[in-house]
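Residue numbers (the numbering used here), protein chains in the order written: chain A, -4 to 478; chain B, 14 to 398; chain C, 10 to 259.
See below for the structure under consideration.
Listed below in structure tokens is the structure:
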């Protein structure tokens, strides 16, 4: 079956509002609730980490204890009790897996249900997957094919042991431990995530993908992703995520660091579909994520594309630091909020090098009683000669109980740099709606169609494997928002 | 004639609360979001050595307009904006002049109430000015503050525009001495608009080492409209800050804020512009356009054009650009034989002229045009030197 | 002695070589046309002649009245008597047509050691020339090229040319964006400006402009140099057969 049809079928299977709301019963290995030095030592020992890694974590914990949870974002949520969270939870018997056959069949079934077949024969052609279940990576597909090209794609817990020199050099190099409250927390307790290294001159032969699943109750997920693209290399990376439908809020505090050297390019795409909470605002994931890329080399490029439909609260600003001359940063975002969801998301483009260029296209859609904020920063430092930025931020409101907000910070310290920022807020026009209805579409179908059109500039940036699913997801996310 | 209206006991009583608060908290610090880009402590170092005095001069025989502050009108100071703003406590605990401009119903739209204030060296002028425009009148008010070295000017202005009225209000900050030494201007302005009323505001910030105008406009009733034309000029180490918030609180209200900045030498420009649309303010039309022109490698521009929208049937937009003179335009002029310096001058003038065109009130547009010419003449002298 | 002498001109933008050894001589009183397919470097030639900064001239010389143009900036070239009618005239928001014309007329008069023109005299001069090109007074009050139609923009270019009275006029794709009526007005305007002291270089893709501005010489430009020269008949040949035969011949 062609990939596209297969994906459509998977999506069609889902008729319920949040089709990933089921949970999997597995025997798990869990650390006690709460956070102290001992828990960090336990996580580190569970992962058989070297001493230096543990020290790095403990230092992060020290930093975190002195920090305060940020309050500047336009989001309201009940205070998180950091001592009431499990920081480590792993399905039993996942260690020392040699092949897929050894993976717990329950787990495989879970991923099948999520539309992510891990069996390489059944897998989406051309996509290698690292599957992270709660605190551990359960399996990474197509590793052999990738190794032949010299591409390293493995759980970060493994890379710490097998490629310590790369980890030591790059971890925390883009997002230091003290960067913010959640990056400090993540640095102390991260349990797994993906590690990617693309060697010089290699164009990664397939899309790399990590699929995150939070399953256990009261468990926080703290994954850490590190992607390094060496000179003249290219990789496209996809990230997906889901969680069971639960009444209580769960915390997801990830850190993603990207590094590109001379002439290298990383394309990072996310379809974020964590459980958003129910129609009454109960439950849902707190998604507090720090993502940042550093274009270290000249002519390098980092492109972020995100489709944010899930989570009760989102706090996320995938950013680019444009060090290298002629380097390029891009941010394409669709953020949809419905019911009681709150999203405060955007990007930072920090221009340091000459002739650096950045583009920001953000589409925010608010429905129900949700609040949707774009928060962005464009900074031209004195060295950013002839740098360019273009920003387009559009918001769409559906219904009169929601809010749409735009908060851009724009600074230039170089006269030859050029910044252009545009923002609009509007609603779906009655004319558009009527036109669609007169052609026989239901109101929900019409809204889905119009919103997809509104997001087109962003959706076309998604890899093909993702775009069909993302389009459907937009419709599903807005269910119940009209009429 | 001179306006000399020391605050009455009632006014002083009212200000007691702010005095207390000033003792506790002092000047606003740069940890506060709206003060992050304008670090006051860098500019205002020792305000306690300054003498308190506010002198205002009124052109021609308009003294019938000026009254002592009516205690009933002190309620304007109870607004959320004045109560919450950190500068209120600074201004209201130091006022030396408090007066009202009561526009009579019979005002002719041709006349302009022209008020000038010179702040001499060693003086801190802190005053409370209430402007009340009754229903169905058209009037023009121009306020000009001229600062000497080592002076401080902190006016607090409350404007109320009655139903069906149009007010054109000009505020300009200039420097009376050539040098721009330790002269600081920090103002707070709140405007309340009733049904079918219009407020056109022309803000020109040219003088003073530090100038900041913090403007809060409430479009309280249907079909009220606010237009702001704000122009700031920066040279040497000047810091120019325009901070605004327009609150759309009723249906069919509109606002348009146009900001132009020009920054030379190591000057810094700040524009923090807000448009807030309340849930019931359907059919709002809110626009902002801010542009900054950097003429030097050391100049810096900061913008934060914010939208906060809680109503769905609205049309809001903002745009912001920062950059240097357009290269294509420059080349076009050169190719017609215009010299580099003249092309620069012509393009700078054009960039500023565009907003002059948008001003409805001739008196205010002439005033701005003069300010532009003055700045350009200084700029040319620098180029020659 | 030729008025304009372009000799072995090479120019590039970034790594891309656009002009590759172009030579051309124009005598006073002559009108030359350069024709060529898209991407042959026609517009680059006009920009290099007028002194736009984005191009690197790697070799060659351009003499106007024996003076080297390549060493001097765009404004100086204009003052020496070079005029470029832009293919895409630039918008100048905030600068009215009158202000602009006054500025450029007086800049050129100062260069020619003539007294500056002010008041009635200046207005009369502008009005007279504008009327010949069917340019309304209203258009002169508007900002330069802002909101102008294609025809208005091109007529305004020719008005500037008439007022500056250049020795050499380069017209870059002056027919683009013009309807039949506008083409006629512009063609007539340019033809009126022909004189025994002036040389003209008309750069165009299509022959149709050359029905209105009859050239004395026609050159075919391909890949940054002139590959064939002839009389007006050459343009007719292009019209009939396209550029294909020239491309193949190369």
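Just so you know, even glycine gets a beta-carbon here, dropped at the ideal spot from N, CA and C.
Given the structure is predicted, the values throughout are model-derived calculations rather than measurements.
> Of all the residues that make up the segment 324 to 340 of chain B, which are near chain A by a beta-carbon distance shorter than 8 Å?
Replying inline: 324, 325, 326, 327, 328, 329, 330, 331, 332, 333, 334, 335, 336, 337
> Cα-Cα, which of 457/A, 365/A, 180/A, 224/A is closest to residue 64/A?
Replying inline: The count along the first chain starts at 1 and reaches residue 64/A at position 69. Per the Cα distances, 180/A.
> Ordered along the chain, which non-local residues of its own chain (more than five positions away) have a Cβ less than 6 Å from that of residue 116/A?
Replying inline: Position 121 of the first chain, counting from 1, holds the residue named residue 116/A. In this prediction, residue 116/A has a pLDDT of 49, which is less than 50 and means its spatial position is unreliable; nothing more can be read from the coordinates.
>> Just checking: is the beta-carbon of residue 187/C within a distance shorter than 8 Å of some beta-carbon in chain B?
In response: Walking along the third chain from the start, residue 187/C turns up at place 178. Judged by the 8 Å Cβ criterion, residue 187/C is not in contact with chain B.
>> Measuring straight from C-alpha to C-alpha, what distance separates residue 201/C and residue 39/C?
In response: As a first step, residue 201/C is located in the third chain; it is residue number 192 there, counting from the start. As a first step, residue 39/C is located in the third chain; it is residue number 30 there, counting from the start. Near 14 Å, if we compare the C-alpha coordinates of residue 39/C and residue 201/C.
> Cβ of residue 241/B less than 8 Å from any chain A Cβ?
Replying inline: Within the second chain, numbered from 1, the residue matching residue 241/B stands at position 228. Not one chain A Cβ lies under 8 Å of residue 241/B.
>> Could you compute how far the alpha carbon of residue 245/C sits from the alpha carbon of residue 251/C?
In response: Here the question's residue 245/C lines up with position 236 in the third chain. Here the question's residue 251/C lines up with position 242 in the third chain. Taking the straight line joining both Cα atoms gives about 10 Å.
>> On the CB-based measure, 16 or more other CB atoms within 10 Å of its CB, does residue 77/B come out buried or exposed?
In response: Along the second chain, read from residue 1 onward, the residue named residue 77/B stands at position 64. When all chains shown are included, residue 77/B counts as exposed.
> Apart from the five residues just before and just after residue 267/B, which ones in its own chain have a Cβ nearer than 6 Å to its Cβ?
Replying inline: In the second chain, the residue the question calls residue 267/B occupies position 254. Hits under 6 Å: 238, 298.
> Around the C-beta of residue 42/A, are 16 or more other C-beta atoms found within 10 angstroms, so that it is buried, or is it exposed?
Replying inline: As a first step, residue 42/A must be located in the first chain, where it is residue number 47. Burial is judged here by how many other beta carbons sit within 10 angstroms of a residue's own beta carbon; residue 42/A has at least 16 and is buried.
> Tell me which same chain residues have a C-beta within less than 8 Å of the C-beta of residue 118/C, skipping the five on either side of it?
Replying inline: On the third chain, position 109 is the one that residue 118/C refers to. Closer than 8 Å at Cβ, skipping near neighbours: 124, 125, 126.
>> Could you compute how far the alpha carbon of residue 367/B sits from the alpha carbon of residue 103/C?
In response: For the purposes of this step, residue 367/B is taken as the residue at position 354 of the second chain. For the purposes of this step, residue 103/C is taken as the residue at position 94 of the third chain. If I take the Cα positions, the gap works out to 5 Å.
> In three-state DSSP terms, what is residue 234/C?
Replying inline: Working through the third chain from its first residue, we reach residue 234/C at position 225. In the structure shown, residue 234/C sits in a strand (DSSP, three-state: E or B).
> Are the C-beta of residue 313/B and some C-beta of chain A separated by less than 8 Å?
Replying inline: The count along the second chain starts at 1 and reaches residue 313/B at position 300. Output row for residue 313/B: interface = yes.
>> So the candidates are 398/B, 141/B, 354/B, 154/B; which of them puts its Cα closest to the Cα of residue 110/B?
In response: Within the second chain, the letter at position 97 stands for residue 110/B. The residue with the shortest Cα to Cα distance from residue 110/B is 141/B.
> In terms of residues, what are the limits of the beta strand (DSSP E) holding residue 163/B?
Replying inline: Looking up residue 163/B in the second chain gives position 150. No beta strand (DSSP E) contains residue 163/B, which DSSP labels as neither H nor E.
> Taking only runs of the beta strand (DSSP E) that begin and end inside the segment 363 to 389 of chain A, which ones reach a length of at least 3 residues, in chain order?
Replying inline: 366 to 375
>> Rounding to the nearest angstrom, what Cα-Cα distance links residue 98/B and residue 312/B in this structure?
In response: As a first step, residue 98/B must be located in the second chain, where it is residue number 85. As a first step, residue 312/B must be located in the second chain, where it is residue number 299. Their backbone Cα atoms lie some 29 Å apart in a straight line.
> Shortest alpha-carbon distance to residue 475/A belongs to which of 275/A, 154/A, 184/A?
Replying inline: Taking the first chain and counting its residues from 1, the one referred to as residue 475/A is at position 480. Cα-wise, what sits closest to residue 475/A is 275/A.
> Going by the beta-carbon positions, is the gap between residue 315/B and residue 100/B smaller than 8 Å?
Replying inline: The residue you call residue 315/B lines up with position 302 of the second chain. The residue you call residue 100/B lines up with position 87 of the second chain. The answer is no: Cβ separation not under 8 Å.
> Going by the beta-carbon positions, is the gap between residue 393/A and residue 361/A smaller than 8 Å?
Replying inline: The residue labelled residue 393/A in the question sits at position 398 within the first chain. The residue labelled residue 361/A in the question sits at position 366 within the first chain. It is a contact, given that the beta carbons lie within the stated cut-off.
> Going by beta carbon distance, what residues of the same chain come within less than 7 Å of residue 91/A, once the five residues before and after it are set aside?
Replying inline: The residue you call residue 91/A lines up with position 96 of the first chain. Its pLDDT being 47, under 50, residue 91/A is placed unreliably in this model, and the coordinates cannot settle the point.
> Can you give, in chain order, each stretch of the beta strand (DSSP E) that sits fully within the segment 174 to 252 of chain A and has at least 3 residues?
Replying inline: 189 to 193, 202 to 208, 219 to 224, 229 to 237, 244 to 247
>> Looking at the secondary structure, which residues open and close the alpha helix (DSSP H) in which residue 14/B lies?
In response: Within the second chain, residue 14/B is the residue found at index 1, counting from 1. For residue 14/B, there is no enclosing alpha helix (DSSP H), as DSSP gives it neither H nor E.
> Just checking my contact of residue 42/C with residue 227/C at CB under 8 Å: how many whole Å lie between their CB atoms?
Replying inline: Position 33 of the third chain, counted from the first residue, corresponds to residue 42/C. Position 218 of the third chain, counted from the first residue, corresponds to residue 227/C. Yes, residue 42/C and residue 227/C are in contact; Cβ-Cβ is about 5 Å, under 8 Å.
> In the structure shown, what three-state DSSP assignment does residue -2/A receive?
Replying inline: Locating residue -2/A in the first chain gives position 3, where the first residue counts as 1. Low confidence applies here, because residue -2/A scores a pLDDT of 35, under 50, leaving its location unreliable and the question unanswered by this model.
>> Less than 8 Å between CB atoms is the rule here; does residue 4/A satisfy it with respect to chain B?
In response: Numbered from 1 along the first chain, position 9 holds the residue referred to as residue 4/A. With a pLDDT of only 39 at residue 4/A, under the threshold of 50, the placement of this residue in the model should not be trusted; the figure read from the coordinates follows. Residue 4/A does not count as touching chain B.
>> With the cut-off set at 8 Å, would you say residue 231/B and residue 205/B are in Cβ contact?
In response: Taking the second chain and counting its residues from 1, the one referred to as residue 231/B is at position 218. Taking the second chain and counting its residues from 1, the one referred to as residue 205/B is at position 192. A contact, by the Cβ cut-off of 8 Å.
>> Using a Cβ-Cβ distance cut-off of 8 Å, determine whether residue 345/A contacts chain B.
In response: If you number the first chain from 1, residue 345/A lands on position 350. Output row for residue 345/A: interface = no.
>> Taking beta-carbon pairs under 8 Å, can you tell me which members of the segment 408 to 438 of chain A lie near chain B?
In response: 408, 409, 410, 411, 412, 413, 414, 415, 416, 417, 418, 419, 420, 421, 422
> In chain C, which residues lie with their C-beta within 9 Å of the C-beta of residue 305/B?
Replying inline: As a first step, residue 305/B must be located in the second chain, where it is residue number 292. Here the premise fails: no neighbours, minimum Cβ distance about 15 Å.
>> Under DSSP, the beta strand (DSSP E) around residue 418/A begins and ends at which residues?
In response: Start at 1 with the first residue of the first chain, and residue 418/A comes out as number 423. Element bounds for residue 418/A: 413 to 422.
> Straight-line CA distance for residue 340/B to residue 112/C?
Replying inline: As a first step, residue 340/B must be located in the second chain, where it is residue number 327. As a first step, residue 112/C must be located in the third chain, where it is residue number 103. So the two alpha carbons sit approximately 19 Å from each other.
> Taking only beta-carbon atoms, is residue 401/B less than 8 Å away from chain A?
Replying inline: Any property of residue 401/B remains undetermined from this structure, which presents chain B solely from 14 to 398.
> Which value, in whole angstroms, describes the spacing of the CA atoms of residue 444/A and residue 79/C?
Replying inline: By 1-based counting over the first chain, the position of residue 444/A is 449. By 1-based counting over the third chain, the position of residue 79/C is 70. Between the alpha carbons of residue 444/A and residue 79/C lies a distance of about 57 Å.
> Tell me which same chain residues have a C-beta within less than 8 Å of the C-beta of residue 16/C, skipping the five on either side of it?
Replying inline: What you label residue 16/C is simply residue 7 of the third chain in a count that begins at 1. For residue 16/C, where only same-chain residues beyond five positions count, the Cβ hits under 8 Å are 32, 69, 70, 71, 72.
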